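Data first, discussion second: the structure below is written as structure tokens.
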Amino acid sequence: MNMHNQRRKFLVTGASGYVGGRLVRALVEENSDVRILVRDANKVIDQPWASWVDIRTGSAESYEDVFDALIGVHTAYYLLHSINLGPNFNQIEADMARNFARAAADAGVQQIIYLGGIANDKNISKHLSSRAKAGEQLASTSVAVIELRAGIIIGSGSASFEMLRHLTHRLPLMTTPKWVSNKTHPIAIRDVLYYLKAAGQLEKPVTQVFDIGGPEVLTYADMMQKFAKLSGLRKRWIIKVPVLTPKLSSLWIGLVTPVPTALARPLVGSLISEVVADPAKSIDGLIPKPENGLLDVETAINLALSRTTTHGVETRWSDATMPTAPWQKAQGDPSWAGEMVFRDRREATTDVSADLVWKQIESIGGDNGWFGADLLWYARGLLDRAFGGVGLRRGRRDPDFLRVGESLDFWRVEELERGKHLKLYAEMILPGKAWLDFQIEEVGGKTHVTQEAIFSPRGLGGQLYWAAVSPFHSFIFPTMLKNIIKKAKSS
Numbered sequence: 001m002n003m004h005n006q007r008r009k010f011l012v013t014g015a016s017g018y019v020g021g022r023l024v025r026a027l028v029e030e031n032s033d034v035r036i037l038v039r040d041a042n043k044v045i046d047q048p049w050a051s052w053v054d055i056r057t058g059s060a061e062s063y064e065d066v067f068d069a070l071i072g073v074h075t076a077y078y079l080l081h082s083i084n085l086g087p088n089f090n091q092i093e094a095d096m097a098r099n100f101a102r103a104a105a106d107a108g109v110q111q112i113i114y115l116g117g118i119a120n121d122k123n124i125s126k127h128l129s130s131r132a133k134a135g136e137q138l139a140s141t142s143v144a145v146i147e148l149r150a151g152i153i154i155g156s157g158s159a160s161f162e163m164l165r166h167l168t169h170r171l172p173l174m175t176t177p178k179w180v181s182n183k184t185h186p187i188a189i190r191d192v193l194y195y196l197k198a199a200g201q202l203e204k205p206v207t208q209v210f211d212i213g214g215p216e217v218l219t220y221a222d223m224m225q226k227f228a229k230l231s232g233l234r235k236r237w238i239i240k241v242p243v244l245t246p247k248l249s250s251l252w253i254g255l256v257t258p259v260p261t262a263l264a265r266p267l268v269g270s271l272i273s274e275v276v277a278d279p280a281k282s283i284d285g286l287i288p289k290p291e292n293g294l295l296d297v298e299t300a301i302n303l304a305l306s307r308t309t310t311h312g313v314e315t316r317w318s319d320a321t322m323p324t325a326p327w328q329k330a331q332g333d334p335s336w337a338g339e340m341v342f343r344d345r346r347e348a349t350t351d352v353s354a355d356l357v358w359k360q361i362e363s364i365g366g367d368n369g370w371f372g373a374d375l376l377w378y379a380r381g382l383l384d385r386a387f388g389g390v391g392l393r394r395g396r397r398d399p400d401f402l403r404v405g406e407s408l409d410f411w412r413v414e415e416l417e418r419g420k421h422l423k424l425y426a427e428m429i430l431p432g433k434a435w436l437d438f439q440i441e442e443v444g445g446k447t448h449v450t451q452e453a454i455f456s457p458r459g460l461g462g463q464l465y466w467a468a469v470s471p472f473h474s475f476i477f478p479t480m481l482k483n484i485i486k487k488a489k490s491s
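If you count the sequence shown from 1, position 242 lands on 242 in full-length UniProt numbering, and the numbers rise without skipping.
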């Protein structure tokens, strides 16, 4: 493989997502000159690599934003997708890719590297077809494009891994659609990053489509059995039935796993196809395999499990901002009406140090729970899942520390000033917008804690919703604040 020694500038899109966040870290560790394009800089500001990259904000759908970000860039990584944006996501993906390609050509970019999905089966899903179409649009200008097509990516925090893990853990006996017998060609996230980095160091621009896969081809059912064995679980009993359509399968996965139905649907759709790398599209002639070879499935699963167990998950599928759902498109009253806001404010003063109180606040949610009334929180999560929302199963990336922009059960961290302020934005299905806000300040040698639930209703339905849940709030929120201070005292 021909490498160059010249330092070149890279642009990484999708840096707040699962693969993009890890790729940025890997490039920074090699002292590369990295720029990222994100919609909201606050989502990456807490990343350990944030101070080492050039952060540009903007939308990938805006030619001007993309062009400005690409000025001076030699190699651009295109790691964007729109699979959650409704039935027309394929057209949205194609338009976005075409816009990016045009801006890259005008900015003088030499190489685009795109991570797509293996699409060799004639019975190709809409999701994989859309990924292939995006690749075609990226290659529609004079800029060289390397398209790396991968199958299931195994790594801690990936949507595919979380789906596999929770299906296997929670269902010792399962009725499954016949697609569990389809062949897949999984690859470890470590090897995906290896190929992405190596493609960015080639001496000359290249235009070609390559399939990348690990050393094993196996069925989805085989992977579930391997996962069960490595997790110390008994063999899973899998009963295949022909009646579970992709739509029904995604609803079922949405109820059983943390992956919401909207994301499960395209993932399941991909499993209808046999996703196996084509030897004719091998990348070995351009980029040799890693020195110690590609990771096999068992090693990849073990690494992912160890990361999950030790809370070493670096990025998660849920780090990317959830798409604008129908109930969120017009949340809140129109500006001309004057926005109505309901508040449930609780305050307390304690002798416990601010540091100890903050430690409890930052640990809220996930396996740590919500400081009382957990049954009510669980019921609200079930209700949210039943209507297609994210529910509580997304949990937390880390049990003790939060980052701006990451998911926390059915909330997202909107603001974080460690030791002083935490603001969570609700991503549950609601007739309006909601936040949960915590503030700490030291007053006269004591710690003053303010906890506030804020709700901006959407019309009459939102107002009726607040009236309906207020009796529960009168129990949940005082209990929460009291138990936060109580646990801080005992810690």
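A virtual CB, placed ideally from N, CA and C, is assigned to each residue, including glycine. Model, not experiment: these values are computed from the prediction.
What does the alpha-carbon distance come out to for the pair residue i and residue j?
i: Glu414; j: Ile361; result: 15 Å
i: Gln208; j: Ile283; result: 9 Å
i: Ile187; j: Ile485; result: 46 Å
i: Ile454; j: Leu464; result: 15 Å
i: Tyr364; j: Ala103; result: In the sequence on display, residue 364 carries Ile and not Tyr. Each residue's alpha carbon lies about 43 Å from the other.
i: Ile212; j: Leu148; result: 7 Å
i: Val275; j: Val297; result: 15 Å
i: Asn120; j: Ala277; result: 8 Å
i: Asp40; j: Met96; result: 18 Å
i: residue 494; j: Ser142; result: Since the displayed the chain opens at 1 and closes at 491, residue 494 lies outside it and no answer follows.
i: Ile55; j: Ala373; result: 41 Å
i: Gln47; j: Lys423; result: 18 Å
i: Lys482; j: Trp370; result: 12 Å
i: Leu368; j: Pro399; result: Reading off the sequence shown, one finds Asn at residue 368, where the question assumed Leu. Using only the alpha carbons, I get a separation of about 7 Å.
i: Asn88; j: Ser181; result: 29 Å
i: Lys183; j: Ala150; result: 14 Å
i: Thr349; j: Leu416; result: 21 Å
Residue range of the alpha helix (DSSP H) that residue i falls in?
i: Ala192; result: The sequence given here has Val at residue 192, not Ala. Its alpha helix (DSSP H) spans residues 189 to 199.
i: Phe67; result: 63 to 70
i: Arg131; result: 126 to 138
What are the boundary residues of the beta strand (DSSP E) that includes residue i?
i: Gly432; result: 432 to 443
i: Val413; result: 411 to 417
i: His421; result: 421 to 426
i: Val145; result: 144 to 150
i: Asp400; result: Taken as a continuous stretch (DSSP letters only), Asp400 belongs to no beta strand (DSSP E), as it is neither H nor E.
i: Asp54; result: 54 to 57
i: Val209; result: 208 to 212
In three-state terms, what does DSSP make of residue i?
i: Ile112; result: strand
i: Val297; result: helix
i: Val469; result: helix
i: Arg165; result: helix
i: Thr75; result: strand
i: Ile484; result: helix
i: Gln47; result: coil
i: Arg7; result: coil
i: Asp106; result: helix
i: Leu80; result: coil
i: Lys226; result: helix
i: Glu452; result: strand
i: Asp95; result: helix
i: Met181; result: Rather than Met, the amino acid found at residue 181 in this sequence is Ser. The answer is helix: DSSP assigns Ser181 an H, G or I state.
i: Pro478; result: helix
i: Asp384; result: helix
Give every residue of the same chain whose Cβ lies closer than 8 Å to the Cβ of residue i, excluding the five residues on either side of it in the sequence, and list them in chain order.
i: Arg190; result: Gly155, Leu295, Ala300, Leu303
i: Leu356; result: Ala488, Lys489, Ser491
i: Phe10; result: Leu27, Ser32, Asp33, Val34, Arg35, Val73, His74, Thr75, Ala76, Tyr77, Gly200
i: Arg343; result: Glu452, Ala453, Ile454, Phe455
Considering only residues of the same chain and omitting the five flanking positions on each side of residue i, which have a CB-CB separation below 7 Å?
i: Ala15; result: Gly21, Val24, Ile36, Val38, Val44
i: Phe387; result: Ile429
i: Ser59; result: Arg39, Asp65
Does residue i have its Cβ less than 9 Å from a Cβ in chain B?
i: Asp40; result: Any reference to chain B falls outside this structure, which holds one protein chain only.
What does a CB cutoff of less than 6 Å around residue i pick up in its chain, not counting 5 residues either side in sequence?
i: Arg345; result: Glu452
Beta strand (DSSP E) segments (min. 3 residues) lying fully within the region 351 to 379 | Whole beta strand (DSSP E) segments, 3+ residues: zero.
Run through the region 11 to 39 for me and flag every whole beta strand (DSSP E) of 3 or more residues, listed as ranges in chain order.
-> 33 to 38
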